[in-house]
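Peer 1: What follows is a structure written as structure tokens; I'll ask about it next.
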Amino acid sequence: MILVLVETDGQGVTETSQEALTFARGLAERLSDGGLEAVLVGPLPPATRDGMQSHLGEQGVTVVHHGDDDRMSSYAAAAWAAAVVDTVAASSPRAVVASGTPRGNEVMAHVAARLDVPMAANVVDVAEVAPLTVARQVMGGAALEEMRLDAAPGLLTVAGHAVEVAPAEVPTTPEVVTFPPTIADADLVARVVRSEVGAVDDTAALTGARVVVGAGRGAGSAEGFEELLELTKLLGGALGVSRVVTSLGWRPHHEQVGQTGSRISPDVYIACGISGAIQHWAGIQSAKTILAINTDPDAPMVTKAHYAVIGDLHEVVPAINEELRRRLA
Amino acid sequence: MTNVLVCIKRVPETSGQILLSEDSQTIDARHVGYTVSPHEECAVELAIQVAKATGGDATVLTVGSSDAVAQLRDAIAVGCTAAVLVEADTERFGPADVADSIAAVVKDHEAAGSTYELVLLGNDAADTGDFQVGVRLAYQLGRPVVTGISTVEVVGETVVARGDGPEGTEVFELPLPAVVTVQEGGIEPRYPSIPGRMKAKRTPVETVVSDIDPVGSGRVRLKLPPQQPSNVEILGEGAAAAPAVVDLLVRTGVVAR
Ligand SMILES: Cc1cc2nc3c(=O)[nH]c(=O)nc-3n(C[C@H](O)[C@H](O)[C@H](O)COP(=O)(O)OP(=O)(O)OC[C@H]3O[C@@H](n4cnc5c(N)ncnc54)[C@H](O)[C@@H]3O)c2cc1C
Ligand SMILES: Nc1ncnc2c1ncn2[C@@H]1O[C@H](COP(=O)(O)O)[C@@H](O)[C@H]1O
């Protein structure tokens, strides 16, 4: 059996956890008896519970281990890990899979430390089943590492966009078993004491945008973003920037795309004045279409893009804006 | 007074084509320089800020070869006051081994009467991206830990840490001693000053040799994605390309009509 640590939102199971479930189902078919179970932690409002039931049923999950008691109302990684470890002890999965999100990676690191076994972060593929060997992203995704993971259970997180969510051939009606996790007081010390919601941070808009206008050093200055912002607005998209732009203080860090910024997967990415360093590429490699606007025809962003315009972005972008305004009028 | 230990990792500064060693076990960094992760640069900055605010020391540590002294000196140049090199053949080390090595230094210093109340690390190393050294270290030390943090502030015996959560900024309050892993975005690391650089040359680096028996990283080999030949279609040059760009946006469905 393969156990999946599932994260939820208001609608049910998060998209990235559904990816992890699809990945785990593939692993279950190759590595074990095909069994797929889930563990989730904390309160489940009715809408989340309903969505969760149907998402997990689509993925072919038979049993949901739901760790909850009145101390689990706010997120605490160690308490979540305690619930996962309880489930591992009770049901001996061959592997535990989570999504490569901040929480997925954090909780699994706790599980790894508690069980004293290795953990593989950001796995994209299974290279071999015996001994279990996975391929995972290193260098922000610019290279892969084949890593042996033959301790029991194998612990891994799945990189975002490594697989596409796909339903099981035979859907299930998962049985939910709620249990109080074995939590020590120490497990609740590092917990969210409050959330500061409402701070203007458009990270979610950036990661969910269908069109992202990217801007790099070629923008030239903090004042050089006017035309780029207009293009973003005309396209109903979001602005994403390179690290040079945030380091120079031209734009805030939450707009940064790349290895140490957001990972995006828009239908179209328009990279203006960005050279295409591997750490930037790490954030855009799942964009469907990439258009580069750059003065240098040999810039990696140009040679690796699907389409390019060679030229100064301060001439090209205003011309695109004008053409868009004309056609949208 | 809060003494802070900040842990950094020397990594190849590749921005273009990655080269592998002949045995595919490591990145060939002969033609590129070395650096540390931006997350760790932010951790160094936070360590300096906390030490200054509380009248404590900021010590920088790395586990690696003696070449990594260069990265320790960079951290001293911006304001760390002491440095520790744990000399080890890190090619054979996995994240649990790095955590063990750091824990040994923390415990030795504590036994000698100097405690690092706060240990800061990066959220994930720039090369191996294991996302776990900080958490494993916390378990070795029996301390609370929180990851992916943008800002920290020490208020009395408590560290207040803020980071991005699924629904906005999340606030954690941990009693010291604690471990925190840092993510880029909350603060701007400072640049080294000339006197800072001079001081970095003079500051002695405490060197210890790791005597742990490594469990290893499980690495079988590194692989690069297949090199795709350039398939780029040039839509034009300069402003004249605008109509072709808009045609493309219409074709891809992001502009109506
Ligand atoms: C561990 C690590 C993590 C990193 N994480 C990130 C990350 O998350 N995101 C990120 O972006 N970077 C990251 N970096 C930095 C990365 O290596 C590059 O330094 C950075 O992406 C370069 O930004 P840039 O393309 O804007 O600047 P440059 O590399 O300087 O490129 C500027 C480009 O603009 C073009 N140009 C100049 N003027 C014009 C003009 N008027 N019109 C059109 N084109 C013009 C130039 O031809 C050039 O191609 C990281 C680095 C490290 C070591
Ligand atoms: N060899 C090392 N020496 C010192 N610190 C390290 C080393 N390797 C990892 N770290 C720290 O642990 C963090 C997380 O690394 P990792 O878990 O490997 O992704 C890094 O950002 C560093 O702060």
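Here the protein sequences come in this chain order: A and B.
Each residue of the first sequence is one higher than the last, beginning at 903 in the working numbering.
Each residue of the second sequence is one higher than the last, beginning at 178 in the working numbering.
For each residue, glycine too, the CB sits at the ideal point set by N, CA and C.
None of these values were measured; they are calculated from a predicted model.
How far does the beta strand (DSSP E) with alanine 1000 of chain A in it reach, from first residue to last?
Peer 2: Here the beta strand (DSSP E) through alanine 1000 of chain A covers 997-1001.
Peer 1: What's the gap between the Cα of glutamine 317 of chain B and the Cα of valine 296 of chain B?
Peer 2: If you take the alpha carbons of glutamine 317 of chain B and valine 296 of chain B, they lie about 13 Å apart.
Peer 1: Are any of the Cβ atoms in chain B nearer than 8 Å to that of proline 1004 of chain A?
Peer 2: Answer yes: the Cβ-Cβ gap between proline 1004 of chain A and chain B drops below 8 Å somewhere.
Peer 1: Which ranges would you report for the alpha helix (DSSP H) in the stretch 183-262 of chain B if only whole runs of at least 4 residues count?
Peer 2: As far as the stretch 183-262 of chain B is concerned, its whole alpha helix (DSSP H) runs of at least 4 residues are 215-231 and 246-254.
Peer 1: State buried or exposed for tyrosine 1171 of chain A, treating a residue as buried only when at least 16 other CB atoms are found within 10 Å of its CB.
Peer 2: Classification for tyrosine 1171 of chain A: buried.
Peer 1: Any C-beta of chain A sitting closer than 8 Å to the C-beta of glycine 333 of chain B?
Peer 2: For glycine 333 of chain B, the answer is no, since every Cβ of chain A falls outside 8 Å of its Cβ.
Peer 1: Determine the chain B residues that contact glycine 1042 of chain A at a beta-carbon separation under 8 Å, and present them in chain order.
Peer 2: Simply Ala303 and Gly306.
Peer 1: Any idea if isoleucine 371 of chain B is buried or exposed, counting beta-carbon neighbours within 10 angstroms, 16 or more meaning buried?
Peer 2: Exposed, since its Cβ has fewer than 16 Cβ neighbours within 10 Å.
Peer 1: Using a Cβ cut-off of 8 Å, pull out every chain B residue sitting near alanine 1023 of chain A, in sequence order please.
Peer 2: Per Cβ cutoff of 8 Å: Asp301, Gly306, Asp307, Phe308 and Gln309.
Peer 1: Which bits of chain A does isoleucine 389 of chain B rub up against, with CB to CB less than 8 Å?
Peer 2: Here the premise fails: no neighbours, minimum Cβ distance about 14 Å.
Peer 1: Do three or more CB pairs link the stretch 1212-1220 of chain A to the stretch 1065-1082 of chain A at distances below 8 Å?
Peer 2: Cβ pair count under 8 Å is below three, so no.
Peer 1: Using alpha carbons as the reference points, say which of B/Pro406, B/Leu399 and B/Asp424 lies closest to glutamine 202 of chain B.
Peer 2: That would be B/Leu399, whose Cα lies nearest to the Cα of glutamine 202 of chain B.
Peer 1: Helix or strand or just coil, what does DSSP make of threonine 358 of chain B?
Peer 2: Threonine 358 of chain B: strand per DSSP, three-state reduction.
Peer 1: For serine 291 of chain B, verify whether its CB is less than 7 Å away from any heavy atom of ligand 1.
Peer 2: The answer is no for serine 291 of chain B.
Peer 1: Is there a C-beta anywhere in chain A that falls below 8 Å from the one on asparagine 180 of chain B?
Peer 2: Cβ-Cβ to chain A under 8 Å: no for asparagine 180 of chain B.
Peer 1: Taking 8 Å as the threshold (beta carbon to beta carbon), is lysine 400 of chain B in contact with chain A?
Peer 2: Chain A, which has a Cβ nearer than 8 Å to the Cβ of lysine 400 of chain B, makes this yes.
Peer 1: By Cβ distance, which residues of its chain are closer than 6 Å to valine 386 of chain B, with the 5 residues on each side in sequence left out?
Peer 2: The residues are Glu264.
Peer 1: For a test of your reading of the model: does the CB of serine 1123 of chain A fall under 7 Å from any non-hydrogen atom of ligand 2? Yes or no.
Peer 2: Checking the Cβ of serine 1123 of chain A against ligand 2 gives no.
Peer 1: So, does the CB of arginine 437 of chain B fall closer than 8 Å to a CB anywhere in chain A?
Peer 2: Outside the displayed span of chain B (178 to 434) sits residue 437 of chain B, for which this structure offers no information.
Peer 1: I want to see whether chain B comes within less than 8 Å of glycine 914 of chain A, judged by CB atoms only; does it?
Peer 2: Closer than 8 Å: no.
Peer 1: Quick check: what's the CA-CA separation for glutamine 309 of chain B versus alanine 926 of chain A?
Peer 2: When rounded, the distance between both Cα atoms is 21 Å.
Peer 1: Between the Cα of glycine 1185 of chain A and those of A/Gly1139, A/His1063 and A/Asn1196, spot the shortest distance and give me the residue it belongs to.
Peer 2: Ranking A/Gly1139, A/His1063 and A/Asn1196 by Cα distance to glycine 1185 of chain A puts A/His1063 first.
Peer 1: Which stretch, first to last residue, makes up the alpha helix (DSSP H) that contains serine 1021 of chain A?
Peer 2: Going by the sequence as given, residue 1021 of chain A is methionine instead of serine. Looking at the DSSP string, methionine 1021 of chain A is not in any alpha helix (DSSP H); the run it does join, the beta strand (DSSP E), is 1021-1030.
Peer 1: By the DSSP assignment, the beta strand (DSSP E) with valine 431 of chain B in it spans what residues?
Peer 2: Note, valine 431 of chain B: premise wrong, no beta strand (DSSP E); not H, not E.
Peer 1: Out of curiosity, what's the CA-to-CA distance linking isoleucine 253 of chain B and arginine 374 of chain B?
Peer 2: Straight-line Cα distance between these residues: approximately 8 Å.
Peer 1: For ligand 2, is there a heavy atom less than 7 Å away from the beta-carbon of isoleucine 185 of chain B?
Peer 2: Yes, the Cβ of isoleucine 185 of chain B comes within 7 Å of a heavy atom of ligand 2.
Peer 1: With respect to 7 Å, is the separation between the Cβ of asparagine 1024 of chain A and the closest non-hydrogen atom of ligand 1 below this value?
Peer 2: Result no, Cβ not under 7 Å from ligand 1.
Peer 1: Which of the three DSSP states is assigned to leucine 1193 of chain A in this structure?
Peer 2: Residue state, collapsed to three classes: strand.
Peer 1: If you measure from the CB of glutamine 1039 of chain A, is any heavy atom of ligand 1 nearer than 7 Å?
Peer 2: No; taking the cut-off as 7 Å, the Cβ of glutamine 1039 of chain A has no heavy atom of ligand 1 nearer than that.
Peer 1: Taking Cβ positions only, does asparagine 1196 of chain A come closer than 8 Å to chain B?
Peer 2: Closer than 8 Å: no.
Peer 1: Does the distance from the C-beta atom of alanine 1053 of chain A to that of valine 1036 of chain A stay below 8 Å?
Peer 2: For alanine 1053 of chain A and valine 1036 of chain A, no; Cβs fall outside 8 Å.
Peer 1: Where valine 183 of chain B and tryptophan 1152 of chain A are concerned, what is the direct C-alpha to C-alpha distance, given to the nearest angstrom?
Peer 2: So the alpha carbons of these two residues sit roughly 28 Å apart.
Peer 1: Select from A/Val915, A/Leu929, A/Gly1126 and A/Gly1120 the residue whose C-alpha is nearest the C-alpha of isoleucine 1212 of chain A.
Peer 2: For isoleucine 1212 of chain A, the nearest C-alpha among the options comes from A/Gly1120.
Peer 1: Out of B/Glu344, B/Thr305 and B/Glu294, state which residue places its alpha-carbon closest to the alpha-carbon of valine 332 of chain B.
Peer 2: Valine 332 of chain B has its Cα closest to that of B/Glu294, out of B/Glu344, B/Thr305 and B/Glu294.
Peer 1: Residues of the stretch 1079-1094 of chain A in Cβ contact with chain B at a cutoff of 8 Å, in chain order, please.
Peer 2: Under the 8 Å Cβ criterion, the stretch 1079-1094 of chain A contributes Ala1088, Val1091, Ala1092, Arg1093 and Val1094.
Peer 1: Is the number of C-beta pairs between the stretch 244-251 of chain B and the stretch 348-357 of chain B that are closer than 8 Å three or more?
Peer 2: Flag = no, the stretch 244-251 of chain B and the stretch 348-357 of chain B do not touch.
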